Structures are given as C-alpha cells and as structure tokens.
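For the sequence shown, the numbering used here gives the first residue as 154, with consecutive numbering after it. Here is the structure we will look at, set down as structure tokens.
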Amino acid sequence: MGSGPLPPAPGRGTHLLWRIERRKARRVQDVLPDGSYLARIEANKHSKAAGTVKAPPALVRVIEYRVDGQADIVRLITSLTDHERYPAEELAVLYARRWEIELVFDEIKTHQRGRPVLRSQTPDGVRQEIYAHLIVHHATRDLLEEAARLHHSIAERTSFTRALHVVRRSVISPSGFSPLSPQAGPTPGTL
C-alpha cells in the first residue's frame with residue numbers, strides 16, 4: 154500500500170473523494186496536465202496513540218480550486234489517480250453536488266425536525282414520518298424558489314430557516330379566515 158494509490162473502500166469497489174486542510178498532502182510526486190497533482194499523504198498521527206501500527210504514506214491525487222472567485226482554496230484528495238478517466242473539473246463538480254445533499258440533510262435534521270429521533274414506533278409509521286419531513290422540506294424549498302423568482306434573486310442565497318419560520322407561523326396562526334366561522338361555511342339551503 155505504501156507505494157500505490159489508496160485502495161477502494163474495503164469490499165465496496167468504491168473510491169474516496171474528500172476535502173482536506175491546506176497543509177496536508179504537500180509531498181508532490183507529479184503534476185498532471187489537468188492541474189491536479191499526485192502527492193503522498195501521511196496516516197493520521199493519532200493512530201499511534203490508539204495502539205495501531207501507522208500505515209506508510211499513501212499516494213493520492215490532489216485537486217485544488219476556488220469557488221466563485223473566493224479567496225479560499227478548496228483542496229480535495231482522491232484515490233482516483235487517473236486524470237484522463239476522472240478529470241479534475243468533473244470531480245470538483247461532483248464533490249460540490251454531494252455537498253448540496255449534505256446541506257439538505259442539515260436543513261431537515263437540524264432545523265426542520267427539531268427532535269433528535271423520530272416518534273413513530275412501527276416501520277410504516279417511520280416511513281410516513283420520513284415522507285412527511287421530505288414533503289415539508291420540498292414545499293418549503295418550492296416557496297423559497299418562488300419568492301426568489303418574484304424578487305429576482307437566487308433561492309440558494311435565501312435562508313431556509315427563515316422560510317421555515319414563516320411557514321410555521323402561517324400554519325400555526327393563519328390570518329384571513331377561520332374554518333369554524335359562519336362566513337366560511339356553506340350558506341344554508343345551498344347544498
């Protein structure tokens with residue numbers, strides 16, 4: 154393992170692509186035509202403390218880029234070392250797309266749900282509760298998209314948490330009418 158690329162995840166046939174700190178993977182072995190480079194990365198220094206044998210340095214491919222002209226450099230490492238089969242730009246786009254789903258999970262788990270666990274006690278109940286959370290999230294995101302369209306802005310730059318608070322307020326205390334008021338019901342004799 155010391156001289157080759159990181160192996161796929163054990164028994165899964167998958168490779169790794171993740172973000173690392175700037176000071177990691179600095180032992181450059183070769184610069185590739187797409188701007189990425191091969192480097193050696195040391196095993197975690199905490200592995201010694203845990204009583205395990207420290208693995209030799211592994212060969213990884215490093216991809217660096219900036220997002221929307223920001224000053225910070227995003228640095229990814231991957232076990233996909235073939236730059237022709239796996240272009241750096243394509244991997245960076247896939248990483249960004251993967252991060253978007255993490256943001257959705259955060260919106261649902263941290264902001265929308267509000268409880269650490271699901272309340273349902275049966276598999277059907279759990280499925281129903283998860284579907285309900287997904288539907289509420291989708292509806293809230295649709296409202297954000299519509300509001301952004303009306304105000305000529307970008308939905309991704311609006312606050313999901315604020316939108317969720319607006320939705321909750323409008324559901325908890327609807328303004329305009331009450332379904333129990335006489336005006337809301339059918340007029341006698343019109344059925």
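We put the beta carbon where it would ideally sit given N, CA and C, even for glycine. Being a predicted model, the structure only gives us computed values, none of them experimental.
_Between which two residues does the alpha helix (DSSP H) holding Tyr-289 run?_
The count along the sequence shown starts at 1 and reaches residue 289 at position 136. The residue asked about is misnamed: residue 289 is Val in this sequence, not Tyr. Residues 276 to 303.
*For the beta strand (DSSP E) that contains Ala-241, what are its first and last residues?*
Here residue 241 refers to the residue found at position 88 when the sequence shown is read from its first residue. Premise fails: Ala-241 lies in the alpha helix (DSSP H), 241 to 259, not in any beta strand (DSSP E).
*asked:* Cutting at 7 Å between CB atoms, please list the residues of its own chain near Thr-314, excluding the five before and the five after it.
replied: Here residue 314 refers to the residue found at position 161 of the sequence shown. Taken in chain order, the residues that qualify are His-264.
*Where Met-154 and His-168 are concerned, what is the direct C-alpha to C-alpha distance, given to the nearest angstrom?*
Residue mapping note: residue 154 aligns to position 1 of the sequence shown, counting from 1. Residue mapping note: residue 168 aligns to position 15 of the sequence shown, counting from 1. Because the pLDDT at Met-154 is just 36, under 50, the model does not fix this residue reliably, and the value given afterwards should be weighed accordingly. Near 15 Å, if we compare the C-alpha coordinates of His-168 and Met-154.
*Arg-214: buried (16+ other C-beta within 10 angstroms of its C-beta) or exposed?*
Here residue 214 is taken as the residue at index 61 of the sequence shown, counted from 1. Buried, because 16 or more other Cβ atoms sit within 10 Å of the Cβ of Arg-214.
_The beta strand (DSSP E) that contains Glu-217, what's its start and end?_
Numbered from its first residue, the sequence shown carries residue 217 at position 64. First-last of the beta strand (DSSP E) with Glu-217: 211 to 219.
*Does the beta-carbon of Ser-232 have 16 or more other beta-carbons within 10 angstroms, so that it is buried, or is it exposed?*
Against the sequence shown, residue 232 aligns to sequence position 79. The residue is buried, with at least 16 neighbouring Cβ atoms inside 10 Å.
*With burial defined as no fewer than 16 other Cβ atoms inside 10 Å of the residue's Cβ, what is the status of Tyr-284: buried or exposed?*
The residue given as residue 284 occupies position 131 in the sequence shown. Tyr-284 comes out exposed.
*Would you report the Cα separation of His-286 and Ala-292, rounded to the nearest angstrom?*
What you label residue 286 is simply residue 133 of the sequence shown in a count that begins at 1. What you label residue 292 is simply residue 139 of the sequence shown in a count that begins at 1. Each residue's alpha carbon lies about 10 Å from the other.
*Output the distance between the C-alpha atoms of Val-220 and Asp-187, rounded to the nearest integer angstrom.*
Your numbering for residue 220 matches position 67 in the sequence shown. Your numbering for residue 187 matches position 34 in the sequence shown. Straight-line Cα distance between these residues: approximately 17 Å.
*Taking all protein chains shown into account, decide if Ser-306 is buried (16 or more other Cβ within 10 angstroms of its Cβ) or exposed.*
On the sequence shown, residue 306 is found 153 positions in, with the first residue counted as 1. With fewer than 16 other Cβ atoms within 10 Å, it is exposed.
*Let me know the secondary structure DSSP gives Arg-228 once reduced to three states.*
Within the sequence shown, numbered from 1, the residue matching residue 228 stands at position 75. Reduced to three states, the DSSP call for Arg-228 is strand.
_Please state whether the Cβ-Cβ distance between Val-246 and Arg-172 is less than 8 Å._
Looking up residue 246 in the sequence shown gives position 93. Looking up residue 172 in the sequence shown gives position 19. Cβ atoms of Val-246 and Arg-172: not closer than 8 Å.
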